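In what follows, a structure is listed as structure tokens, so that the remarks can point back to it.
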Amino acid sequence: MSEELKQEITTFTMLVKDQFVYGGKKYALEKKRESTDLLFDDFGANWLYGTIAKYLFRFHNLQRERDLLKIACYSYILWLKRGFFIDDKREVPIDTNIKIKEAFFEEFINKAKDFIWDNFLYWNNSCYCYGSTKILEEVFSILKSFTNLKWKDITEESLLKIFSLSFIIWRKEFAEKKEHDTDTWLEEKKEVK
């Protein structure tokens, strides 16, 4: 993996981490659970798939970096809820408080880096040849397929793919920007540590 690609992945993952760290503040409910866990309980997994799809459409229409970051962030949250940091047979969704999110992010990112690298040339060429719309359609197709699957049938590979494809679009559209469009910490102007 080239040093440039490593640095781009590092920047992207820092921006995604900023999303869920701030999200822990926005969606706090109690120590072990966030309001998104309650929404998941009350409205099911389709609520979360639809939320990600909403950000796909917003990105398609507005081309805002923050929407790509949210897609990547939610793919990580789904990976956690599915329990892939424990095993791939989990049938009970895991609550995703900030402590859990921070504890397993590096494990997820290491898997995502391998996944990106294994598919990089194909995806990168597709992004430049066909544009981000084709990749967004692929992510939407994955999300739509989830609605017909049992929870235990959601694969780790599909979640890594959503994260990785978000990165590929981000790399093409936003990697070289000096300032990044996030909607986090606006009132405090904080940076991720």
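Under this note's numbering, the letters of the sequence shown match residues 2 to 194, in that order. Using N, Cα and C, we set each Cβ at its ideal position, and we do this for glycine too. In this text, all values refer to a predicted model and were calculated from it rather than measured experimentally.
In the structure shown, Glu-31 adopts coil according to DSSP, grouped into three states.
Rounded to whole angstroms, Lys-71 and Lys-26 show a C-alpha spacing of 15 angstroms.
Of Glu-4, Leu-6, Ser-3, Met-15, the smallest CA-CA separation from Glu-107 is found for Met-15. DSSP places Phe-164 in the helix class (H, G or I) of the three-state scheme. Counting other Cβ atoms within 10 Å of its Cβ, Gly-24 reaches 16 or more and is therefore classed as buried.
A distance below 6 angstroms between beta-carbons, with the five flanking residues on each side excluded, links Thr-37 to the following residues of its chain, in chain order: Tyr-28. By a beta-carbon distance limit of 8 angstroms, Ser-76 contacts Leu-160. Their separation comes to about 5 angstroms. In the displayed model, Asp-115 falls within a helix according to three-state DSSP. Taking a contact to require three or more Cβ pairs closer than 8 angstroms, the stretch 164 to 176 and the stretch 124 to 132 qualify as touching. Given a length threshold of 3 residues, the stretch 45 to 99 has no whole run of the beta strand (DSSP E) inside it.
Between Trp-80 and Glu-157, the CB-CB gap stays under 9 angstroms. By the neighbour-count definition (other C-beta atoms within 10 Å, threshold 16), Gln-20 is a buried residue. Counted as a single uninterrupted DSSP element, the alpha helix (DSSP H) harbouring Phe-147 occupies residues 133 to 147. By the 16-neighbour rule on beta-carbons within 10 angstroms, Val-22 is buried. In this structure Ile-136 does not touch Ile-10 by the C-beta definition: roughly 17 angstroms separates them, more than the 8 angstroms allowed. Cβ neighbours of Asp-184 within its own chain (closer than 7 angstroms, five residues either side excluded): Arg-67.
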